[in-house]
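All residue numbers for the sequence shown refer to this note's numbering, where the first residue is 419 and numbers rise by one. Glycine residues also receive a C-beta, built at the ideal position from the N, C-alpha and C atoms. A short worksheet on the structure shown next.
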Amino acid sequence: KLDLVLEQPVDFESLHANGFDVKKLFQDQGWLGYFDILNGPVYTQLVKDFWKRCDIFNQEEADKEYNNKVAENPDKSRGKSRTELGLRDFTEIEIRSGCTGYEVTITQSTIVELLRIPNKGIFKTFTPSTGRKSDYVERIAQRCYIKEDVEPTNKVSDMKPIQRHFIYFFTAGRKMNLAAYIFHHLCRSIMTAQNLTRRTPQVAYPRLLSELFFQCGIIKRIEDAQVPDLLEEQRAKFINGYILSNMSMLKEAMKVPNHPLLLKKPSGPLPEAPPMIFDNESEILAH
419 KLDLVLEQPV DFESLHANGF DVKKLFQDQG WLGYFDILNG PVYTQLVKDF
469 WKRCDIFNQE EADKEYNNKV AENPDKSRGK SRTELGLRDF TEIEIRSGCT
519 GYEVTITQST IVELLRIPNK GIFKTFTPST GRKSDYVERI AQRCYIKEDV
569 EPTNKVSDMK PIQRHFIYFF TAGRKMNLAA YIFHHLCRSI MTAQNLTRRT
619 PQVAYPRLLS ELFFQCGIIK RIEDAQVPDL LEEQRAKFIN GYILSNMSML
669 KEAMKVPNHP LLLKKPSGPL PEAPPMIFDN ESEILAH
């Protein structure tokens, strides 16, 4: 069993109407493209099929692949490049998997292309201990009104180190590398899911993966093959004024904006160059 952690679309107009104008923070980061794709369906069967087949392909794995290829015919292969040996170039860590009979590869560059964002900016990861030793801790504390040298006692200081750093970078106007954070979290989630002691592994970014499947033509091929069971959909609830009201964060009655976020209409035409690498195209495999 897999637990899909659905990304929730954000109704910025509704939040603004109720006193929480946060859109500019994300706009300044150049992240609105990410929030735009969140308003769409999650293809649950495809995501689960993809997730259970995932492998992380890093430099160590690439070296093994190359050495094994050379070992097949050492005299002719020694000294040749990966492409000369019929292997694909390896330039960055890859997530390799399959979906309905297609072999697919996702990289950080894939996320950059999908979200139409720069592949640059601050990227920092932390453990609970290294988070407390970060150079930014004192500045984070000042902006979040917390004491950095005491045990967490309130909601802000209960945040994980990476969440605190996000808040600081947002409010300080420091650009972050969203694609790097997403890809790193995808890899971490995949490795965690492969831990056999994990009873219900969590699937990260199912909506983002679903949009990748659409843009790569998988959805259209399934529709053409008339296998509707594979296109089971699920949608996440919007983050809007109702959420604020349920969290008792509004001092007044909830206000409805003139132009609330609506369920996104079907996606547009497929891009000419989809942001995912395909290998060995095959017939749709029904399950």
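Whole-angstrom distance between residue 535 and residue 584, CA atom to CA atom: Position 166 of the sequence shown, counting from 1, holds the residue named residue 584. Position 117 of the sequence shown, counting from 1, holds the residue named residue 535. The straight-line gap from Cα to Cα measures roughly 17 Å.
Alpha-carbon spacing of residue 463 relative to residue 529, whole angstroms: Residue mapping note: residue 463 aligns to position 45 of the sequence shown, counting from 1. Residue mapping note: residue 529 aligns to position 111 of the sequence shown, counting from 1. Going from the Cα of residue 463 to the Cα of residue 529 covers about 21 Å.
Residue ranges of each alpha helix (DSSP H) within the segment 574-622, 4 or longer: If we require 4 residues or more, the alpha helix (DSSP H) runs fully inside the segment 574-622 come out as 579-590 and 596-611.
Beta-bridge pairing of residue 525 - partner residues as DSSP gives them: Indexing the sequence shown from 1 puts residue 525 at position 107. Looking at the DSSP output, residue 525 bridges to 512.
Whether residue 523 touches residue 512 by CB criterion (7 Å): Numbered from 1 along the sequence shown, position 105 holds the residue referred to as residue 523. Numbered from 1 along the sequence shown, position 94 holds the residue referred to as residue 512. Taking a C-beta distance under 7 Å as the contact criterion, residue 523 and residue 512 qualify as a contact pair.
Residue 540, DSSP secondary structure in three states: Walking along the sequence shown from the start, residue 540 turns up at place 122. In the structure shown, residue 540 falls within a strand segment according to DSSP collapsed to helix, strand and coil.
Contact the segment 632-643 vs the segment 469-486: 3+ CB pairs below 8 Å: Of all C-beta pairs linking the segment 632-643 to the segment 469-486, fewer than three are shorter than 8 Å, placing the two stretches out of contact.
Residue 660 versus residue 538 - alpha carbon distance: By one-based count along the sequence shown, residue 660 stands at place 242. By one-based count along the sequence shown, residue 538 stands at place 120. Between residue 660 and residue 538, the C-alpha separation is close to 35 Å.
Whether residue 429 touches residue 658 by CB criterion (7 Å): In the sequence shown, the residue the question calls residue 429 occupies position 11. In the sequence shown, the residue the question calls residue 658 occupies position 240. Result yes, Cβ atoms of residue 429 and residue 658 sit closer than 7 Å.
As assigned by DSSP and simplified to three states, the class of residue 651: For this step, residue 651 is matched to residue 233 along the sequence shown. In this structure, residue 651 counts as strand in the three-state DSSP scheme.
Reduced DSSP secondary structure (H/G/I, E/B, other) of residue 535: Residue numbering aside, residue 535 sits at position 117 when the sequence shown is read from its first letter. Three-state result, residue 535: coil.
Residues of its chain near residue 616, where Cβ-Cβ distance is below 8 Å and the 5 sequence neighbours each way are ignored: By one-based count along the sequence shown, residue 616 stands at place 198. So the list reads 610, once near-sequence residues are dropped.
Helix, strand or coil at residue 631 according to DSSP, with G and I counted as helix: Translated into positions along the sequence shown, residue 631 becomes position 213. Looking at residue 631 - three-state DSSP - the assignment turns out to be helix.
Contact between the segment 436-447 and the segment 641-657 (3+ Cβ pairs under 8 Å): Flag = no, the segment 436-447 and the segment 641-657 do not touch.
Proximity to residue 479 [Cα-Cα], best of 456, 498, 514 and 494: Sequence index remark: in the sequence shown, residue 479 carries index 61 (1-based). Selected option, being the one with the closest Cα: 514.
Residues that residue 460 bridges to, as DSSP identifies them: Here residue 460 refers to the residue found at position 42 when the sequence shown is read from its first residue. DSSP output for residue 460 lists 652 as bridge partner(s).
Helix, strand or coil at residue 422 [DSSP, three-state]: Within the sequence shown, numbered from 1, the residue matching residue 422 stands at position 4. In the three-state scheme derived from DSSP, where H, G and I count as helix and E and B as strand, residue 422 is classed as strand.
Element boundaries [beta strand (DSSP E), containing residue 475]: Taking the sequence shown and counting its residues from 1, the one referred to as residue 475 is at position 57. Note, residue 475: beta strand (DSSP E), 473-475.
Beta-carbon proximity of residue 621 to residue 449, cut-off 7 Å: Mapped onto the sequence shown, residue 621 falls at position 203. Mapped onto the sequence shown, residue 449 falls at position 31. In this structure, residue 449 does not lie closer than 7 Å to residue 621 by Cβ.
Endpoints, the alpha helix (DSSP H) within which residue 445 is located: For the purposes of this step, residue 445 is taken as the residue at position 27 of the sequence shown. Element bounds for residue 445: 441-447.
Length of the line joining the Cα atoms of residue 549 and residue 541: Numbered from 1 along the sequence shown, position 131 holds the residue referred to as residue 549. Numbered from 1 along the sequence shown, position 123 holds the residue referred to as residue 541. Interpretation of residue 549 is limited by its pLDDT of 44, a score under 50 that renders its predicted location unreliable; the figure taken from the coordinates is listed afterwards. Using only the alpha carbons, I get a separation of about 13 Å.
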